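Only one structure is covered here, and it is reproduced in the block below.
Chains as they are written, first to last, in our numbering: chain A, 58 to 330; chain B, 2 to 160.
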């Protein structure tokens with residue numbers, strides 16, 4: 058915190074500093090280096106973890122060690138998907154496994170000390186660094202857009218292009234030319250609500266969690282020179298611990314929600330109206 | 002909080018991860034877990050079959066033991082019956098032999114008795130003649146009465 062830019066930093070500057078991305082480019086063509094770097098590194102880590110996991114201790118007998126852990130995750134997701142989706146679920150299991158492991162890994166970055174990533178980035182000469190890709194709306198909306206595309210693809214695969222377009226104008230109110238406009242409007246809203254709610258929910262949870270960690274960190278910083286500072290420092294440790302422990306739940310819960318809702322959406326998309 | 006080109010990069014990252022997991026992770030897991038499930042099911046079926054076989058073998062062994070026990074009993078009965086028969090036959094044979102020996106002994110004894118009686122008669126006859134001649138010393142002329150005396154002696158001897 059204070060070590061980065063000197064003791065003169067005000068709380069407002071501190072928060073602002075922590076909420077600024079490391080970026081290049083202008084306007085729409087701005088790219089958040091930190092988001093892309095952390096998410097791709099974690100994607101690689103998750104892929105490596107799962108790849109090594111399925112190839113170690115994979116004897117025909119009882120699974121051991123890392124393999125056992127991977128199998129627990131896989132079987133949990135497989136049973137969740139099979140409860141919701143009836144059909145060949147190979148792709149949906151792969152999708153859910155990717156979503157759950159990747160998002161859980163990214164959310165877990167919120168548990169790092171709030172000043173640690175920025176300090177490390179400063180050593181490499183980067184002025185700003187937000188470590189949490191899921192607290193960047195770009196990060197969550199990207200995944201949600203892929204889900205949106207998958208919803209449309211699965212709908213068309215189940216109903217054909219004609220059947221899908223027919224549903225746009227004929228459902229849910231009925232196939233009457235007067236009702237085409239309301240049908241299309243409602244379908245549009247329904248379709249758009251899915252990625253928006255998915256991305257906003259994850260982003261909101263993670264952004265709020267990150268912000269709260271920053272405010273808790275401020276507790277110990279703002280009053281560091283007063284007598285009461287010691288008690289506030291202790292308060293920071295207590296509140297920070299409580300929030301961190303509670304945040305473990307949020308990390309996994311949000312990953313689970315983001316994993317299970319696409320399966321629900323896709324199985325709904327295959328239903329005929 | 003602004004939407005910008007970052008999400009395009011994020012989409013690419015996600016699609017690569019999805020491709021990797023769908024290609025190298027989930028198919029392996031699905032296949033191996035299915036194989037393990039099959040193996041476990043096969044193992045359970047084999048165990049069940051083994052138990053059934055064991056019960057069957059036990060039943061068969063029991064039947065064989067029962068049968069052999071019966072046969073042993075039959076053989077024992079037969080043997081004891083045969084030995085009884087042999088003993089009976091031996092008894093009959095021995096009794097017959099004994100009777101024969103007794104009869105032979107009786108015959109011999111009778112023959113001996115007769116012979117002794119004959120000899121006794123002869124000796125008695127000659128003793129009578131000797132006694133009579135002694136009594137009749139004078140009157141008995143050996144020459145004239147010899148014929149009579151012999152006749153007497155014969156009669157005695159014949160009894």
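The beta-carbon is built from N, C-alpha and C at its ideal position, and this holds for glycine as well.
No experiment lies behind these values; they were computed from the predicted model shown.
Given a threshold of 16 other Cβ atoms within 10 Å of its Cβ, counted over all protein chains shown, does residue i qualify as buried or as exposed?
i: residue 222 of chain A; result: exposed
i: residue 61 of chain B; result: exposed
i: residue 58 of chain B; result: exposed
i: residue 173 of chain A; result: exposed
i: residue 146 of chain A; result: buried
i: residue 84 of chain B; result: exposed
i: residue 326 of chain A; result: buried
i: residue 13 of chain B; result: exposed
i: residue 96 of chain B; result: exposed
i: residue 6 of chain A; result: The structure shown does not extend to residue 6 of chain A, since chain A is modelled only from 58 through 330, so no value can be given for it.
i: residue 240 of chain A; result: buried
i: residue 181 of chain A; result: exposed
i: residue 91 of chain A; result: buried
i: residue 137 of chain B; result: exposed
Apart from the five residues on each side of it in sequence, which residues of its chain come closer than 8 Å, Cβ to Cβ, to residue i?
i: residue 203 of chain A; result: none
i: residue 3 of chain B; result: none
i: residue 88 of chain A; result: 80, 81 and 82
i: residue 207 of chain A; result: 152, 319 and 323
i: residue 168 of chain A; result: 301, 304, 305 and 308
i: residue 130 of chain A; result: 154, 157 and 158
Along the chain, where does the alpha helix (DSSP H) that runs through residue i open and close?
i: residue 319 of chain A; result: 286-326
i: residue 20 of chain B; result: 7-21
i: residue 103 of chain A; result: 90-112
i: residue 39 of chain B; result: 27-136
i: residue 75 of chain A; result: 68-75
i: residue 159 of chain A; result: 147-165
i: residue 193 of chain A; result: Element bounds for residue 193 of chain A: n/a, residue is neither H nor E.
i: residue 123 of chain A; result: 122-141
i: residue 173 of chain A; result: 173-180
Below 8 Å on the Cβ atoms is my contact criterion, and I expect residue i with residue j to pass it. Report the Cβ-Cβ distance as a whole number of Å.
i: residue 289 of chain A; j: residue 185 of chain A; result: About 27 Å; that fails the 8 Å criterion.
i: residue 161 of chain A; j: residue 265 of chain A; result: That pair is no contact at about 18 Å.
i: residue 153 of chain B; j: residue 132 of chain B; result: The Cβ separation is near 12 Å, so there is no contact.
i: residue 11 of chain B; j: residue 195 of chain A; result: 6 Å
i: residue 191 of chain A; j: residue 259 of chain A; result: 5 Å
i: residue 200 of chain A; j: residue 15 of chain B; result: 5 Å
Sorted by chain position, which residues of the same chain lie with C-beta nearer than 6 Å to residue i's C-beta, five sequence neighbours on each side aside?
i: residue 65 of chain B; result: none
i: residue 205 of chain A; result: 252
i: residue 274 of chain A; result: 171
Please list, in chain order, all residues of the same chain as residue i whose beta carbon is under 7 Å from its beta carbon, the five residues on each side excluded.
i: residue 159 of chain B; result: none
Contact set between the segment 44-69 of chain B and chain A, restricted to residues whose Cβ is under 8 Å from the partner: none
Compile a chain-ordered list of the residues in the segment 3-27 of chain B whose CB is closer than 8 Å to at least one CB of chain A. 3, 4, 5, 6, 7, 8, 9, 10, 11, 12, 14, 15, 16, 17, 18, 19, 21, 22, 23, 25, 26 and 27
Mind checking the segment 257-282 of chain A against chain B and listing, in chain order, the residues whose C-beta falls within less than 7 Å of any C-beta there? none
So if I threshold CB-CB distances at 9 Å, which residues from the segment 190-203 of chain A count as touching chain B? 190, 193, 194, 195, 196, 197, 198, 199, 200, 202 and 203
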